[in-house]
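Undergrad: Please see the structure below; I have some questions.
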Ligand code: ADP
Ligand code: TRP
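Residue numbers (our numbering): 56 to 381.
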């Protein structure tokens with residue numbers, strides 16, 4: 056079974072990216088899924104990133120992948136833009152993609168609803184993502200809930216193509232979204248997202264992380280009063296880091312009263328530290344070893360490209376394009 060996922064290099068990773076997606080990458084690697092994990096750099100171009108920022112963020116994600124446990128001997132770590140076959144496949148797949156399918160994509164609908172200018176890159180986004188998934192014949196795509204629709208679109212396109220040629224060229228992918236982490240809440244209780252400014256970063260300075268945790272929005276229930284853990288943002292984030300026993304312990308303290316949100320935030324900060332410290336230490340080491348990081352990416356791109364070339368050959372043959380130059 057092959058698992059594949061990508062993260063856009065648009066900033067630093069936050070705990071929503073980790074618990075919602077990256078943790079599943081690592082878990083699947085342990086379960087012997089063949090893993091393909093990439094940095095979705097082409098996907099950022101529709102919002103015109105500064106070139107230097109894009110390059111910096113790309114290297115950061117490679118280091119993040121390694122720091123949270125992806126092992127280049129077990130998983131293929133690569134850069135989307137270094138496998139040009141993905142663009143070729145997206146072009147071919149466009150012909151089996153009804154306009155309406157892309158018009159119904161949330162990313163496009165949200166922008167048009169706000170009367171914002173939409174470029175073709177944004178409209179085309181789910182198609183490129185379908186090519187990412189189908190090129191590697193991925194069975195499972197671990198992502199957060201916001202990406203579910205995109206995986207479904209990829210599946211629809213694969214089905215249309217297979218049906219048209221009466222041939223199982225593409226594997227039909229399934230999203231993998233564990234219910235308890237499908238939408239990790241941010242410091243204000245909405246979905247955690249870079250674009251909402253409500254994140255707790257994984258690899259920022261501890262002083263920044265402390266500020267982010269201490270800034271979690273809570274209600275004004277006085278310290279001595281009982282509190283409802285279910286509506287407490289601190290508790291809902293704390294649950295991600297600890298086992299059932301420890302989370303129940305905090306829930307009981309909140310319900311009992313005499314335990315304030317400040318106390319809960321301190322416990323969360325300690326849990327964050329305990330959980331992420333080994334990954335943070337590894338990340339610091341990787342910063343000093345650019346050579347290793349470059350080697351991992353170079354080898355990963357070569358492995359990914361070998362698979363991509365095989366698929367594109369098969370696709371071209373299927374549709375009758377005979378000009379395979381490989
Ligand atoms: P952001 O919304 O911060 O820009 P990305 O779009 O780069 O995050 O997301 C990368 C991966 O992390 C995707 O699989 C996405 O579904 C997942 N993810 C992002 N935020 C969350 C969240 N709050 N809860 C669960 N998964 C998330
Ligand atoms: N669209 C995803 C996001 O915004 C990133 C992504 C691009 C992706 N291609 C993918 C995720 C293929 C899974 C599979 O987060």
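Positions of the beta carbon are idealized from the N, C-alpha and C atoms, including for glycine.
#1: Assuming residue 69 contacts residue 247 (C-beta within less than 8 Å), just tell me the rounded distance between them.
#2: Suppose contacts are defined by Cβ-Cβ distances below 8 Å. Is residue 230 in contact with residue 203 by that definition?
#3: Can you find a heavy atom of the ligand TRP that lies under 7 Å from the Cβ of residue 116?
#4: Entirely within the stretch 236-310 and at least 4 residues each: give me those alpha helix (DSSP H) ranges in chain order.
#5: Does at least one heavy atom of the ligand TRP sit under 7 Å from the Cβ of residue 96?
#6: Could you spell out the range, first to last residue, of the beta strand (DSSP E) harbouring residue 132?
#7: Can you give, in chain order, each stretch of the beta strand (DSSP E) that sits fully within the stretch 198-238 and has at least 3 residues?
#8: Between the C-alpha atoms of residue 331 and residue 170, what's the straight-line distance to the nearest angstrom?
#9: Taking buried to mean at least 16 other C-beta atoms within 10 Å of its own C-beta, is residue 154 buried or exposed?
#10: Excluding five sequence neighbours on each side, which residues of the same chain lie with their C-beta closer than 6 Å to the C-beta of residue 195?
#11: Quick check on the DSSP output: the alpha helix (DSSP H) that includes residue 347 runs from which residue to which?
#12: Beta-carbon separation of residue 79 and residue 284 under 8 Å?
#13: At a threshold of 7 Å, does residue 205 count as lining the ligand TRP (C-beta to nearest heavy atom)?
#14: Relative to the alpha-carbon of residue 258, which residue among 73, 304, 354 has its alpha-carbon at the smallest distance?
#15: Keeping to the same chain, check which residues put their C-beta closer than 7 Å to that of residue 263; ignore five residues upstream and five downstream.
#16: Check whether the Cβ atoms of residue 115 and residue 64 sit closer than 8 Å, and answer yes or no.
#17: Tell me the rounded alpha-carbon separation between residue 118 and residue 278.
#18: Can you check which of these residues, 168, 62, 302, is closest to residue 120 by C-alpha distance?
#19: Applying the criterion that 16 or more other CB atoms from any shown protein chain within 10 Å of the CB defines a buried residue, is residue 339 buried or exposed?
#20: My parser needs the beta strand (DSSP E) runs of 3 or more residues fully inside the stretch 69-103; what are they?
#21: Please find out if some non-hydrogen atom of the ligand TRP comes closer than 7 Å to the beta-carbon of residue 272.
#22: Looking at the structure shown, is residue 125 part of a helix, part of a strand, or coil, going by DSSP?
#23: According to DSSP, what are the bridge partners of residue 57?
#24: Looking at the ligand TRP, does it come within less than 7 Å of residue 362, judged from the CB to the closest heavy atom?
#25: Opposite residue 62 in the DSSP bridges: which residues?
#26: With a cut-off of 8 Å on the beta carbons, I'd call residue 352 and residue 208 a contact; round off their distance for me.
#27: With residue 332 as the anchor, note down where its alpha helix (DSSP H) starts and where it stops.
#28: Below 6 Å CB to CB, which residues in the same chain sit around residue 205 once its five sequence neighbours on both sides are set aside?
#29: In whole angstroms, give me the CA-to-CA distance for residue 368 and residue 295.
#30: Buried or exposed: where does residue 110 fall if 16 or more other Cβ atoms within 10 Å of its Cβ makes it buried?
#31: With DSSP as the reference, label residue 141 as helix, strand or coil.
#32: Cβ-heavy atom distance between residue 227 and the ligand TRP below 7 Å?
#33: DSSP three-state call for residue 67: helix, strand or coil?
TA: In this structure, then:
#1: 6 Å
#2: Judged by their CB atoms, residue 230 and residue 203 are nearer to each other than the 8 Å cut-off.
#3: no
#4: Listed in chain order, they are 261-269, 288-296.
#5: no
#6: 130-134
#7: 229-231
#8: The alpha-carbon of residue 331 is positioned some 41 Å away from that of residue 170.
#9: exposed
#10: 58, 229, 231
#11: Going by DSSP, residue 347 is part of the alpha helix (DSSP H) stretching over 345-374.
#12: no
#13: yes
#14: 73
#15: 256
#16: yes
#17: Rounded to the nearest angstrom, the two C-alpha atoms are 41 Å apart.
#18: 62
#19: exposed
#20: 89-94
#21: no
#22: Collapsing the DSSP output to three states places residue 125 in coil.
#23: 89
#24: no
#25: The partner list for residue 62 (beta bridge, DSSP) reads 94.
#26: That pair is no contact at about 28 Å.
#27: 316-342
#28: Hits under 6 Å: 181, 184.
#29: So the alpha carbons of these two residues sit roughly 44 Å apart.
#30: Exposed: under 16 other Cβ atoms inside 10 Å.
#31: helix
#32: Not under cutoff, so the answer is no.
#33: coil
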